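*Asks:* Before we start, here is the structure in question, set down as structure tokens.
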Amino acid sequence: MEVVAIKCTVNGREHRLECEANLTLLDMLRESLGLTGTKSGCAVGECGACTVVMNGEAVNACLVLAAQVDGADILTVEGLQEDGVLDPLQEMFIRHGAVQCGFCTPGMLMSAKALLNGNPDPTEEEIRVAISGNLCRCTGYQQIVEAISAASAKEKSREKKEGKNCGW
Amino acid sequence: MRTLEVLAPETLEEALALKAHHGTALLPLAGGTDVIPGIRRGAYGAVALLDLSRIPDLNRIVDDGTEIRIGALATHADVVESAIVGAHIPVLSEACGTVGSVQIRSRGTIGGNLCHASPASDSVPALRVLGSVCEIRSSKGTREIPVGDFCISPGVTRVLPADLLVGIRVPKMRPGSRWFYLKLGQRRAMAIAKVSVAFLAAEDGGVLSDVRISLGAVAPTVCGAPRTAACLEGKKLGETVISEAVEMIQTEAKPIADIRSTEEYRREMVGVLLGRGLRGFLE
Ligand SMILES: Cc1cc2nc3c(=O)[nH]c(=O)nc-3n(C[C@H](O)[C@H](O)[C@H](O)COP(=O)(O)OP(=O)(O)OC[C@H]3O[C@@H](n4cnc5c(N)ncnc54)[C@H](O)[C@@H]3O)c2cc1C
Ligand code: FES
Ligand code: FES
Numbered sequence: 034m035e036v037v038a039i040k041c042t043v044n045g046r047e048h049r050l051e052c053e054a055n056l057t058l059l060d061m062l063r064e065s066l067g068l069t070g071t072k073s074g075c076a077v078g079e080c081g082a083c084t085v086v087m088n089g090e091a092v093n094a095c096l097v098l099a100a101q102v103d104g105a106d107i108l109t110v111e112g113l114q115e116d117g118v119l120d121p122l123q124e125m126f127i128r129h130g131a132v133q134c135g136f137c138t139p140g141m142l143m144s145a146k147a148l149l150n151g152n153p154d155p156t157e158e159e160i161r162v163a164i165s166g167n168l169c170r171c172t173g174y175q176q177i178v179e180a181i182s183a184a185s186a187k188e189k190s191r192e193k194k195e196g197k198n199c200g201w
Numbered sequence: 009m010r011t012l013e014v015l016a017p018e019t020l021e022e023a024l025a026l027k028a029h030h031g032t033a034l035l036p037l038a039g040g041t042d043v044i045p046g047i048r049r050g051a052y053g054a055v056a057l058l059d060l061s062r063i064p065d066l067n068r069i070v071d072d073g074t075e076i077r078i079g080a081l082a083t084h085a086d087v088v089e090s091a092i093v094g095a096h097i098p099v100l101s102e103a104c105g106t107v108g109s110v111q112i113r114s115r116g117t118i119g120g121n122l123c124h125a126s127p128a129s130d131s132v133p134a135l136r137v138l139g140s141v142c143e144i145r146s147s148k149g150t151r152e153i154p155v156g157d158f159c160i161s162p163g164v165t166r167v168l169p170a171d172l173l174v175g176i177r178v179p180k181m182r183p184g185s186r187w188f189y190l191k192l193g194q195r196r197a198m199a200i201a202k203v204s205v206a207f208l209a210a211e212d213g214g215v216l217s218d219v220r221i222s223l224g225a226v227a228p229t230v231c232g233a234p235r236t237a238a239c240l241e242g243k244k245l246g247e248t249v250i251s252e253a254v255e256m257i258q259t260e261a262k263p264i265a266d267i268r269s270t271e272e273y274r275r276e277m278v279g280v281l282l283g284r285g286l287r288g289f290l291e
């Protein structure tokens, strides 16, 4: 069985791993690193549950071979919070009722994170396109779109101006 | 997933030498969005993978004057975001923008889309109307094959066991060209095409010339509609001309029936998409 040596950054921490060459990034995160926040749904690129941000782009971790991750910078749902403070996206998902069973949530959050990194003020249409590769069986999507919109730069600054408390 | 070996050369020369030595036993891996689900399905048998993603510059998009050269490893996202593509060959941005989802577009490459040779590969009808040429390389040299001749049957291309597809050369569209890429899928996102139509023509005072039409997901490979294109040649667009073209393409297209759609539905929808695109020019 072939083993490959991989160096990559996950949530700001550098990791050196020896993986089997056929391991996917999804298995590497969940099995080798114990980061089970990233979910495994269809394993063939259809559902988006496994979405992580790789070198700034949203990708399906189930379709990336660990061998292709060498040198990459990966952000998973576990890396969204900083020192116990939730990311505005996480805050807004909670506030807008965008989480029901929660299985799609890590993937949705990471698709939204990649969107806002490149486009801090997306239109509703842009938000819908950004999450079109993420299936949700529970919410009907509306609350998720609202939550992402509320976490966008314009909304955040409006809420700040109006003195709204973004936290709990 | 079964165990496999992954070779990851750092240069194109090294990759070509490996391909010359191992031939079909070495399956090229670009973005993996077709290869990885294929391995899971057991579609490839015992192969090792040749990871092309470490080869520098194979994903570059450059303006060569009269042509745009797109490296085989450019992703659909690279194509959609490229200002060069947007300015000179926008029908390709439109087509690549309909592929899968954001996640699929960030990994899936234009070379992989061509080499997968699905009749539903979205970049192919657009590349075909643009008159693009594939650059195929082996350790012996470079060959060029027009996109229209590249795919032989589903999954089979003119790429030989010792070859790699290295890039695609796309002639720039003339300013003022009329074009569209319209795709009909099960739903708006994440849908493989049931039917797609790419259209490109020059226009002068409403009169069309050099009309090119390609159809996706209709036949076993992406195909043209030369009779319909000829029927639009030299015509001024209006309702009568459009209705004639719609009728003609519905007799010209010889659709397949498969899991995604029936022959009758495809025949009907090829006409609907052509009519919709052409009427868009009248607005
Ligand atoms: C969920 C999902 C949705 C999809 N939706 C669409 C869609 O809407 N439209 C569409 O067109 N496609 C779609 N696809 C298919 C796929 O994403 C595209 O065909 C993509 O462009 C393939 O590129 P890749 O880099 O991932 O190819 P890979 O999977 O890496 O390779 C594909 C094939 O090409 C060969 N290959 C790749 N690069 C080279 C090269 N340079 N030289 C020689 N051989 C090479 C490989 O050996 C393999 O046979 C979808 C796939 C998934 C999983
Ligand atoms: S588990 Fe990766 S897309 Fe479904
Ligand atoms: S909250 Fe249940 S799948 Fe989205």
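Quick mapping for you: the protein sequence lines, in order, are chains V and Z.
All letters in the first sequence, in the order written, are residues 34 to 201 by our numbering.
All letters in the second sequence, in the order written, are residues 9 to 291 by our numbering.
By construction, the Cβ of each residue, glycine as well, lies at the ideal position given by its N, Cα and C atoms.
Bear in mind that the values here come from a model prediction, so they are computed numbers and not experimental data.
Rounded to the nearest angstrom, how far is the Cβ of Val226 (chain Z) from that of Ala261 (chain Z), given a contact under 8 Å?
*Replies:* Correct: roughly 5 Å between the Cβ atoms.
*Asks:* Taking one C-beta from the segment 32 to 52 of chain Z and one from the segment 110 to 127 of chain Z each time, how about it: are there three or more such pairs within less than 8 Å?
*Replies:* Contact between the segment 32 to 52 of chain Z and the segment 110 to 127 of chain Z is present, because at least three Cβ pairs lie under 8 Å.
*Asks:* Looking at ligand 3, does it come within less than 7 Å of Gln123 (chain V), judged from the CB to the closest heavy atom?
*Replies:* Outside the cutoff, so no.
*Asks:* Buried or exposed for Thr156 (chain V), going by 16 or more other Cβ atoms inside 10 Å?
*Replies:* Exposed.
*Asks:* If we count Cβ pairs, one from each stretch, closer than 8 Å, do we get three or more for the segment 122 to 137 of chain V versus the segment 160 to 176 of chain V?
*Replies:* Yes, the segment 122 to 137 of chain V is in contact with the segment 160 to 176 of chain V.
*Asks:* Verify the contact flag: Asp132 (chain V), CB atom, against every heavy atom of ligand 3, threshold strictly below 7 Å.
*Replies:* The sequence shown places Val at residue 132 (chain V), not Asp. At least one heavy atom of ligand 3 is nearer than 7 Å to the Cβ of Val132 (chain V), so yes.
*Asks:* Can you find a C-beta in chain Z that's less than 8 Å from the C-beta of Asn152 (chain V)?
*Replies:* False, the Cβ-Cβ gap to chain Z never drops below 8 Å.
*Asks:* Look at Pro228 (chain Z) and Pro162 (chain Z) and say whether their C-beta atoms are less than 8 Å apart.
*Replies:* Yes, Cβ-Cβ distance for Pro228 (chain Z) and Pro162 (chain Z) is below 8 Å.
*Asks:* Please determine whether the Cβ atom of Glu252 (chain Z) lies at a distance below 7 Å from any heavy atom of ligand 2.
*Replies:* It does not: the Cβ of Glu252 (chain Z) is nowhere closer than 7 Å to a heavy atom of ligand 2.
*Asks:* Let me have the residue list for ligand 2: C-beta closer than 6 Å to any non-hydrogen atom, ordered along the chain.
*Replies:* Those satisfying the condition are, in chain order, V:Ser73, V:Gly74, V:Cys75, V:Ala76, V:Gly78, V:Glu79, V:Cys80, V:Gly81, V:Ala82, V:Cys83, V:Asn93 and V:Cys95.
*Asks:* Report the start-end ranges of each alpha helix (DSSP H) in the segment 31 to 75 of chain Z that is 4 residues or longer and not cut off at the edges.
*Replies:* Listed in chain order, they are 43 to 49.
*Asks:* Taking 8 Å as the cut-off, does the segment 98 to 107 of chain Z touch the segment 119 to 131 of chain Z (at least 3 CB pairs, one atom from each stretch)?
*Replies:* These segments touch.
*Asks:* Which chain Z residues sit within Cβ distance under 8 Å of Gly81 (chain V)?
*Replies:* Correct list: Ser109 and Gln111.
*Asks:* Taking only the alpha-carbon atoms, compute the straight-line gap between Val110 (chain V) and Glu159 (chain V) and give it to the nearest angstrom.
*Replies:* Using only the alpha carbons, I get a separation of about 21 Å.
*Asks:* Taking the continuous alpha helix (DSSP H) assigned at Pro182 (chain Z), which residues delimit it?
*Replies:* Reading off the sequence, residue 182 (chain Z) comes out as Arg, not Pro. It is not in any alpha helix (DSSP H) - Arg182 (chain Z) carries neither H nor E in the DSSP assignment.
*Asks:* With hydrogens ignored, establish whether the beta-carbon of Cys169 (chain V) is closer than 7 Å to any heavy atom of ligand 3.
*Replies:* Yes, since a heavy atom of ligand 3 falls inside the 7 Å radius drawn around the Cβ of Cys169 (chain V).
*Asks:* If you draw a straight line from the C-alpha of Cys199 (chain V) to the C-alpha of His84 (chain Z), how long is it?
*Replies:* The predicted position of Cys199 (chain V) is uncertain, since its pLDDT is 45 and thus under 50; a value taken from the coordinates is nonetheless stated next. For Cys199 (chain V) and His84 (chain Z), the distance between alpha carbons rounds to 37 Å.
*Asks:* Against chain V, does Glu102 (chain Z) count as a neighbour if the rule is that its beta carbon must be under 8 Å from one of theirs?
*Replies:* Judged by the 8 Å Cβ criterion, Glu102 (chain Z) is not in contact with chain V.
*Asks:* Tell me which residues of the segment 51 to 69 of chain Z have at least one Cβ-Cβ distance to chain V shorter than 7 Å, keeping chain order.
*Replies:* Flagged, chain order: Asp59 and Ser61.
*Asks:* Between Ser129 (chain Z) and ligand 1, is the CB less than 7 Å from at least one heavy atom?
*Replies:* Yes; taking the cut-off as 7 Å, the Cβ of Ser129 (chain Z) has a heavy atom of ligand 1 nearer than that.
*Asks:* Give the C-beta separation of Val92 (chain V) and Thr57 (chain V) to the nearest angstrom, bearing in mind that I take them to be a contact with Cβ-Cβ under 8 Å.
*Replies:* About 11 Å separates the two Cβ atoms, so there is no contact after all.
*Asks:* Ignore the nearest five residues each way along the sequence and tell me which others in Arg274 (chain Z)'s own chain have a CB closer than 7 Å to its CB.
*Replies:* Within the same chain, Arg274 (chain Z) has close Cβ partners Lys202, Val203, Val226 and Pro263.
*Asks:* Opposite Lys40 (chain V) in the DSSP bridges: which residues?
*Replies:* V:Arg49, per the DSSP bridge assignment.
*Asks:* Indicate the three-state DSSP secondary structure (helix, strand or coil) for Asn121 (chain Z) in the structure shown.
*Replies:* Three-state DSSP puts Asn121 (chain Z) in a helix.
*Asks:* If the cut is a Cβ gap below 9 Å, which residues of chain V does Gly204 (chain Z) touch?
*Replies:* Note on residue identity: the sequence assigns Ser, not Gly, to residue 204 (chain Z). What Ser204 (chain Z) touches in chain V: nothing, since even the nearest Cβ is about 18 Å away.
*Asks:* At the level of alpha carbons, what is the spacing between Leu12 (chain Z) and Pro64 (chain Z)?
*Replies:* Those two C-alpha atoms are separated by around 24 Å.
*Asks:* For Leu286 (chain Z), I'd like the list of residues in its chain whose CB is within less than 7 Å of its CB, leaving aside the five on either flank, ordered along the chain.
*Replies:* Leu245, Ile250 and Ala253.
*Asks:* What residues in its chain sit with their C-beta under 7 Å from that of Asn88 (chain V), if we drop five residues either side in the sequence?
*Replies:* For Asn88 (chain V), where only same-chain residues beyond five positions count, the Cβ hits under 7 Å are Ala105 and Asp106.
*Asks:* Is the Cβ of Val93 (chain Z) closer than 8 Å to any Cβ of chain V?
*Replies:* Taking Cβ atoms only, chain V never reaches closer than 8 Å to Val93 (chain Z), which makes this a no.
*Asks:* Given the structure, does Gly31 (chain Z) come close to ligand 5, in the sense that its CB is under 7 Å from one of the ligand's heavy atoms?
*Replies:* As presented, the structure is devoid of ligand 5, carrying ligand 1, ligand 2 and ligand 3 as its sole ligands.
*Asks:* Please indicate yes or no: does the CB of Thr106 (chain Z) lie closer than 7 Å to some heavy atom of ligand 1?
*Replies:* Answer for Thr106 (chain Z): yes, Cβ within range of ligand 1.
*Asks:* Is Gly135 (chain V) close to ligand 3? I mean its beta-carbon at under 7 Å from any heavy atom of the ligand.
*Replies:* It does: the Cβ of Gly135 (chain V) is within 7 Å (strictly closer) of some heavy atom of ligand 3.
*Asks:* Taking a contact to mean a Cβ-Cβ separation below 8 Å, would you say Ala94 (chain V) touches Thr71 (chain V) in this structure?
*Replies:* The answer is yes: Cβ separation under 8 Å.
*Asks:* With a CB to CB cut of under 8 Å and the five nearest residues on each side skipped, what residues in its chain are close to Val36 (chain V)?
*Replies:* Counting only Cβ-Cβ distances below 8 Å, and skipping sequence neighbours, we find Glu51, Cys52, Glu53 and Ala54.
*Asks:* Ordered along the chain, which non-local residues of its own chain (more than five positions away) have a Cβ less than 7 Å from that of Gly288 (chain Z)?
*Replies:* Closer than 7 Å at Cβ, skipping near neighbours: Phe188.
*Asks:* Pull up the distance between the alpha-carbon of Ile144 (chain Z) and that of Ala91 (chain Z), whole angstroms please.
*Replies:* Taking the straight line from one Cα to the other gives about 25 Å.
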